[in-house]
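Those sequence lines, one after another, are chains A and B. Heads up, this note's numbering is the position in the first sequence plus 11, with the first residue counted as 1. Heads up, this note's numbering is the position in the second sequence plus 11, with the first residue counted as 1. Beneath this line is the structure, given in structure tokens, with notes to follow.
2 protein chains.
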Amino acid sequence: MNVEFINPFLISLINVISTMASMELKPGKPQLKSHEIAKGDVSGLIGMVGPKTKGSLSITFEEPLILEIMHKMLGEKPNFINEEITDLVGEITNMVTGGAKNLLGDKGYEFNMATPVVVTGKNHTISHKAEGKKIMMPFSHQYGSAYIEICFED
Amino acid sequence: MNVEFINPFLISLINVISTMASMELKPGKPQLKSHEIAKGDVSGLIGMVGPKTKGSLSITFEEPLILEIMHKMLGEKPNFINEEITDLVGEITNMVTGGAKNLLGDKGYEFNMATPVVVTGKNHTISHKAEGKKIMMPFSHQYGSAYIEICFED
């Protein structure tokens with residue numbers, strides 16, 4: 012996978028969380044993912060289909076972090092991951108992928124997005140099964156971690 | 012969502028499991044899904060993008076059922092959900108969606124498939140966030156249950 016694919020997703024998540032919740036996620040070092048190491052409590056997933064490539068993206072949050080994002084947005088803090096939270100994670104997934112799609116479209120990489128799916132469950136793991144390199148981008152915040160994973164088939 | 016969309020997925024899963032593992036899944040009554048009720052231990056998810064529609068599919072298995080499917084295919088039974096099992100669930104997701112795509116293409120409904128993602132985690136739940144009706148198709152077997160869920164945006 013071209014390294015140009017990484018930054019648009021990374022920038023897009025930081026922008027979305029900063030705009031929606033006035034919170035600053037600190038990006039860690041993007042890495043090739045060889046095992047299913049990004050564990051979390053709620054994940055948004057979306058498929059991408061372009062004329063030359065197809066793939067999948069996931070954004071995984073630890074529970075305390077996504078609850079705080081909701082808190083900062085609405086002033087109220089749910090005690091657990093409810094349907095409002097999964098709706099929010101679906102929206103974030105759409106916005107991050109849409110933001111990256113625009114940035115990548117400017118560079119000539121085109122794809123269309125499917126619709127998001129949100130998974131909840133303590134410590135679930137995600138395996139992207141496209142036959143291509145898997146990139147994992149970790150993000151940290153005092154409330155917890157988040158991870159973007161993308162995988163494209165050439 | 013058109014009811015014509017349901018049977019191709021239902022038939023396709025029954026065929027795939029019958030062909031790969033000589034096991035007969037019994038279909039229950041397809042239903043509109045209003046809550047996140049299909050819980051399971053391993054799920055394959057895939058995005059679909061067509062000129063007129065986009066959506067998502069998930070296939071969720073309870074652990075004893077997917078372990079028995081692997082047993083019937085290979086003669087060996089893993090004790091837990093390992094990478095072989097998630098690879099198998101990714102393949103089943105591809106095959107079922109590909110089978111349904113062919114049947115639906117014959118009827119003039121076209122879509123392209125993204126690549127599958129597999130989620131593992133005890134009792135996780137799946138929420139499809141497309142703005143359209145969600146259809147849930149339950150399947151039963153003496154070893155456990157499986158569920159297909161599809162959601163398309165018009």
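Virtual Cβ for every residue (Gly too), placed ideally from N, Cα, C.
Have a look at residue i and residue j and give me their C-alpha separation to the nearest angstrom.
| i | j | result |
| --- | --- | --- |
| residue 97 of chain B | residue 67 of chain B | 19 Å |
| residue 125 of chain A | residue 112 of chain B | 15 Å |
| residue 144 of chain B | residue 63 of chain B | 16 Å |
| residue 134 of chain B | residue 165 of chain B | 30 Å |
| residue 86 of chain A | residue 110 of chain A | 26 Å |
| residue 57 of chain B | residue 65 of chain A | 11 Å |
| residue 122 of chain A | residue 153 of chain B | 42 Å |
| residue 138 of chain A | residue 17 of chain B | 27 Å |
| residue 59 of chain B | residue 20 of chain A | 21 Å |
| residue 61 of chain B | residue 114 of chain B | 15 Å |
| residue 91 of chain B | residue 31 of chain B | 20 Å |
| residue 95 of chain B | residue 22 of chain A | 34 Å |
| residue 69 of chain B | residue 120 of chain A | 27 Å |
| residue 93 of chain A | residue 93 of chain B | 29 Å |
| residue 162 of chain B | residue 51 of chain A | 24 Å |
| residue 136 of chain A | residue 99 of chain B | 16 Å |
What residue range does the alpha helix (DSSP H) around residue i cover?
| i | result |
| --- | --- |
| residue 100 of chain A | 94 to 117 |
| residue 30 of chain A | 17 to 32 |
| residue 65 of chain B | Note, residue 65 of chain B: premise wrong, no alpha helix (DSSP H); beta strand (DSSP E) at 65 to 72. |
Please list, in chain order, all residues of the same chain as residue i whose beta carbon is under 8 Å from its beta carbon, the five residues on each side excluded.
| i | result |
| --- | --- |
| residue 25 of chain B | 35, 36, 38, 150 |
| residue 142 of chain A | 164 |
| residue 147 of chain B | 41, 42, 43, 44, 48, 49, 158, 159, 160 |
I'd like to know whether the C-beta atoms of residue i and residue j end up nearer to each other than 8 Å.
| i | j | result |
| --- | --- | --- |
| residue 158 of chain B | residue 71 of chain B | yes |
| residue 28 of chain A | residue 77 of chain A | no |
| residue 74 of chain B | residue 53 of chain B | yes |
| residue 140 of chain A | residue 127 of chain B | yes |
Which whole-angstrom value describes the C-beta separation of residue i and residue j, a residue pair presumed to lie in contact below a C-beta threshold of 8 Å?
| i | j | result |
| --- | --- | --- |
| residue 130 of chain B | residue 130 of chain A | 5 Å |
| residue 55 of chain A | residue 101 of chain A | 6 Å |
| residue 132 of chain A | residue 132 of chain B | 4 Å |
If you follow the beta strand (DSSP E) that residue i is part of, which residue opens it and which one closes it?
| i | result |
| --- | --- |
| residue 140 of chain B | Note, residue 140 of chain B: premise wrong, no beta strand (DSSP E); not H, not E. |
| residue 163 of chain B | 155 to 164 |
| residue 54 of chain B | 51 to 60 |
Which same chain residues, not among the five before or five after residue i, have their C-beta less than 7 Å away from its C-beta?
| i | result |
| --- | --- |
| residue 33 of chain B | 83 |
| residue 15 of chain B | 118 |
- Residues of the stretch 52 to 79 of chain A with a CB closer than 7 Å to any CB of chain C: list them in chain order, please. This model lacks chain C altogether; the protein chains it does include are A and B.
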